[in-house]
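Undergrad:
There are 2 protein chains.
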Amino acid sequence: MEIACFIEAADRHCQQQGVKLTALRRQVLELVLSYPGVVKAYQVLADLQKQRGIAAPPTVYRALDFLVAAGLLHKVDALNGYIVCHHVGCSHEGLILVCGDCGRVEELDATPVLDVLRQQAGAAGFAISQQNLMLTGRCKECAV
Amino acid sequence: MEIACFIEAADRHCQQQGVKLTALRRQVLELVLSYPGVVKAYQVLADLQKQRGIAAPPTVYRALDFLVAAGLLHKVDALNGYIVCHHVGCSHEGLILVCGDCGRVEELDATPVLDVLRQQAGAAGFAISQQNLMLTGRCKECAV
DNA sequence: AACGAGCTTGTTATAAAGTAACATTTGAGA
DNA sequence: TCTCAAATGTTACTTTATAACAAGCTCGTT
Chain Z
11 MEIACFIEAA DRHCQQQGVK LTALRRQVLE LVLSYPGVVK AYQVLADLQK QRGIAAPPTV
71 YRALDFLVAA GLLHKVDALN GYIVCHHVGC SHEGLILVCG DCGRVEELDA TPVLDVLRQQ
131 AGAAGFAISQ QNLMLTGRCK ECAV
Chain P
11 MEIACFIEAA DRHCQQQGVK LTALRRQVLE LVLSYPGVVK AYQVLADLQK QRGIAAPPTV
71 YRALDFLVAA GLLHKVDALN GYIVCHHVGC SHEGLILVCG DCGRVEELDA TPVLDVLRQQ
131 AGAAGFAISQ QNLMLTGRCK ECAV
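Top to bottom, those sequences are chains Z and P. The letter at position 115 of the first sequence is residue 125 when you use this note's numbering, and the numbering goes up by one with no holes. The letter at position 72 of the second sequence is residue 82 when you use this note's numbering, and the numbering goes up by one with no holes.
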């Protein structure tokens, strides 16, 4: 099962960073993992409520925020949702493509391109962030 | 005054596209233009209410949606806001950098980089959109 | 002018997304 | 065991966004 494997990697990743993947956070991570693409916070909340009877928005948002900060999830602003980061241990930099229609996600290795962009941005007084770099588009299935 | 000039350009742009820059839409565009950076829908709504007494959310959202569709504004998902597009008539492709802290915005000419990215994305079954390409980061002032 | 089709705007109500503030629990170290 | 800090629970609320239907406007046709 892929999920278990990912959770294990996540666990190690958190230990390395000196942060704690608590039971709740793990549970939320598993819920997000159980979806093929983008998930919304309130969807996770509903799932969590099914599993433990009751849960309030802050519970989910805090866990999601933690997981994003830890680099285990990405926030997809364009869709108000979250996706799993499939390059947790990787050294190269990812650029995430999100289908604005269906929420499908693809992560490119964009290290070379980003090097160029960083330089351009630097000249304009900007530092492009290390995380959560994302562009929107349309996937093959949703193409007109 | 720069605003008047921009509005004129916007007018021409809309005529070319066969869409109408109505009084309301123009008014909303002017309000967005009056801000240096990112503006939020409800901020525009408040301004609009000051100017015309009453206005409801759909009024503003519809105008903003129109302006985005027409290419006159960009939506900044990361901040739930909108900015003016400073390259309305331009042929080259812009890539927008948004400071996640202060909302400052910079538009790069990223045509060459985007050519490369399009190819990579195409190989992965994705078509990167023509509009609203945006990355987040930190501007000089907000840098740690 | 009168009409109607289609776009634009007004209006009401409500849904969806996110957070502030404080109470309570838990767990690791003194 | 005690204590502090981090994590979670809880309540209430704010902010953001949209659905659904009514009314108005514009423009071409008769």
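The C-beta atom is built at its ideal place from N, Cα and C for all residues, glycine as well. For clarity, every value in this text was computed on a predicted model and none was experimentally measured.
For Ala131 (chain Z), return the contacting residues in chain P, with the cut-off set at a CB-CB distance below 7 angstroms.
TA: Leu107, Leu118, Gly147
Undergrad: Only counting the same chain, and skipping five residues up and downstream in sequence, which positions put a Cβ closer than 7 angstroms to that of Val29 (chain Z)?
TA: For Val29 (chain Z), where only same-chain residues beyond five positions count, the Cβ hits under 7 angstroms are Ala80.
Undergrad: Rounded to whole angstroms, what is the Cα-Cα separation between Ala56 (chain P) and Glu117 (chain P)?
TA: 27 angstroms
Undergrad: In the structure shown, what three-state DSSP assignment does Cys100 (chain Z) receive?
TA: coil
Undergrad: What is the DSSP secondary structure of Leu124 (chain Z), counted as helix, strand or coil?
TA: helix
Undergrad: Which whole-angstrom value is the C-beta distance of Arg35 (chain P) and Ala73 (chain P), which I expect to be below 8 angstroms?
TA: 5 angstroms
Undergrad: Val108 (chain Z) by DSSP, collapsed to three states: which one?
TA: strand
Undergrad: Taking the straight line between their C-alpha atoms, what separation do you get for Glu151 (chain P) and Gln61 (chain Z)?
TA: 45 angstroms
Undergrad: Determine the contact status of Val78 (chain P) and Val42 (chain P), defining contact as a CB-CB distance below 7 angstroms.
TA: no
Undergrad: If I measure Cβ to Cβ from Ile106 (chain P) and keep anything under 7 angstroms in the same chain, skipping five residues before and after, which residues do I get?
TA: His84, Val115, Glu117, Leu143, Met144
Undergrad: Give a yes or no on whether the minimum CB-CB distance between Val78 (chain Z) and chain P is below 7 angstroms.
TA: no
Undergrad: Would Leu82 (chain P) and Ala20 (chain P) be called neighbours here (beta carbons separated by less than 7 angstroms)?
TA: yes
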